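The structure appears below as structure tokens.
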Amino acid sequence: MSVRILNENEIDKMRIAGKLAASVLNMIGEHVKAGVSTETLDQICHAFIVNDLSCIPAPLNYRNGSSPPFPKSICTSVNHVVCHGIPSDRKVLKRGDILNIDITVIKDGFHGDTSKMFAVGEPSALARRLINVTQECLYLGIQQVRPGARLGDIGHAIQTYAEKSRFSVVREFCGHGINDRFHDEPMVLHYGNPGEGVELQPGMTFTIEPMINAGKRHIRMLADEWTVVTRDHRLSAQWEHTILVTEDGFEILTLREEETIH
Ligand code: MF3
Ligand code: CO
Ligand code: CO
């Protein structure tokens with residue numbers, strides 16, 4: 003297995019793609035409200051990505067393994083949907099829902115991949131805690147990133163905090179190398195042991211995107227071959243950033259202004 007080291011020119015393109023992906027999450031926030039369908043959110047994001055950003059929405063017609071091509075431009079994963087929810091006019095948001103919106107754009111051949119959680123109205127105390135713990139898991143994972151650290155350090159930090167919070171870590175999906183390929187090596191597991199796995203080097207770019215469940219970690223794939231749900235139908239949350247390994251640590255390529263982590 004080999005992990006790409008990007009040159010300065012490629013890194014600059016990743017920076018641009020990352021910023022553009024982040025801008026989609028900033029844009030869509032005001033549209034997330036009760037009565038809006040996830041299909042409408044997809045249409046708004048698609049138009050913004052294509053017309054305003056002059057980017058390609060990477061999910062649209064994306065193929066992975068034997069699944070049919072993904073039919074929409076973003077993923078919208080509501081409540082017990084873990085990831086890869088397909089926007090639909092039959093899925094209308096209601097007060098108390100929580101959802102992940104996952105954006106991947108391609109600019110000048112390079113990808114920016116990022117997601118965040120939204121709440122519709124006031125979420126339950128459990129939903130709020132799950133959202134906050136999952137974001138903290140992402141940040142704790144990111145803070146492990148520096149040359150010489152290993153991928154297992156990231157997974158261990160995430161797993162430890164999630165399980166200490168009495169939540170569980172989804173095992174079947176992981177972060178990934180990202181560059182001019184959407185999903186490249188390495189696999190970035192959200193569980194594991196410190197000191198194990200690939201050693202990080204400056205110029206590596208990958209996502210960290212923990213999926214954390216309120217109940218058990220087990221999942222089920224729906225018949226559409228994309229939508230992943232919790233087996234016990236309890237809530238799931240996810241946050242994602244695209245990360246660059248720098249000489250002295252990390253750079254979050256998809257950072258939003260609202261975030262305070264450094
Ligand atoms: N954006 C997702 C990720 O973080 C992948 C979505 S693939 C799709 O890796 F086809 F479902 F869009
Ligand atoms: Co990703
Ligand atoms: Co993503």
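In my numbering, the protein residues as written are 3 to 264. We put the beta carbon where it would ideally sit given N, CA and C, even for glycine. On a predicted model such as this, the values are computed, not experimentally measured, just so you know.
Worksheet entry | Backbone secondary structure at ARG222 - three-state DSSP | Stepping through the sequence shown from its first residue, residue 222 is reached at position 220. Three-state result, ARG222: strand.
Worksheet item: What is the rounded straight-line gap between the Cα of LYS118 and the Cα of LEU142?
Response: Stepping through the sequence shown from its first residue, residue 118 is reached at position 116. Stepping through the sequence shown from its first residue, residue 142 is reached at position 140. Going by the C-alpha atoms only, they are around 16 angstroms apart.
Discussion item. In this structure, how does DSSP classify SER167 when only helix, strand and coil are distinguished?
Written reply: Translated into the one-based positions of the sequence shown, residue 167 becomes position 165. If DSSP states are grouped into helix, strand and coil, SER167 belongs with coil.
Worksheet item: If you count every other CB in all the chains shown that lies within 10 Å of the CB of GLU124, and 16 or more means buried, which is it?
Response: In the sequence shown, counting from the first residue as 1, residue 124 sits at position 122. By the neighbour-count rule (16 or more Cβ atoms within 10 Å), GLU124 is not buried but exposed.
Worksheet item: How many whole angstroms separate the CB atoms of ALA23 and ILE105, which I take to be in contact at a CB cut-off of 8 angstroms?
Response: Locating residue 23 in the sequence shown gives position 21, counting from the first residue. Locating residue 105 in the sequence shown gives position 103, counting from the first residue. Contact holds; Cβ gap of about 5 angstroms.
Item to complete: Identify the continuous alpha helix (DSSP H) that holds SER25 and give its terminal residues.
Response: Your numbering for residue 25 matches position 23 in the sequence shown. For SER25, the enclosing alpha helix (DSSP H) stretches over residues 10 to 30.
Item to complete: Output the distance between the C-alpha atoms of ASP226 and GLU10, rounded to the nearest integer angstrom.
Response: To locate residue 226, count along the sequence shown from 1; it is residue 224. To locate residue 10, count along the sequence shown from 1; it is residue 8. Cα-Cα distance, rounded: 40 angstroms.
Worksheet item: In its own chain, which residues sit with a C-beta less than 8 angstroms from the C-beta of TYR163, not counting the 5 before and 5 after it?
Response: Here residue 163 is taken as the residue at index 161 of the sequence shown, counted from 1. Sequence-distant partners of TYR163 (beyond 5 residues in either direction) whose C-beta falls short of 8 angstroms from its own C-beta, in its chain, are VAL135, GLU138, CYS139 and LEU142.
Worksheet item: Exposed or buried, what is ALA19 when buried is set at 16 or more other beta-carbons lying within 10 Å of its beta-carbon?
Response: Your numbering for residue 19 matches position 17 in the sequence shown. Burial call: buried.
Fill in: Coil, strand or helix - THR262 by DSSP
For this step, residue 262 is matched to residue 260 along the sequence shown. If DSSP states are grouped into helix, strand and coil, THR262 belongs with coil.
Worksheet item: Which residues have a Cβ closer than 7 angstroms to any heavy atom of ligand 2, listed in chain order?
Response: This selection yields THR106, ASP115, GLY177, HIS178, ILE180, THR209, GLU211 and GLU242.
Discussion item. Taking a contact to mean a Cβ-Cβ separation below 8 angstroms, would you say VAL171 touches ILE221 in this structure?
Written reply: On the sequence shown, position 169 is the one that residue 171 refers to. On the sequence shown, position 219 is the one that residue 221 refers to. In this structure, VAL171 sits away from ILE221, with a CB-CB distance that is not shorter than 8 angstroms.
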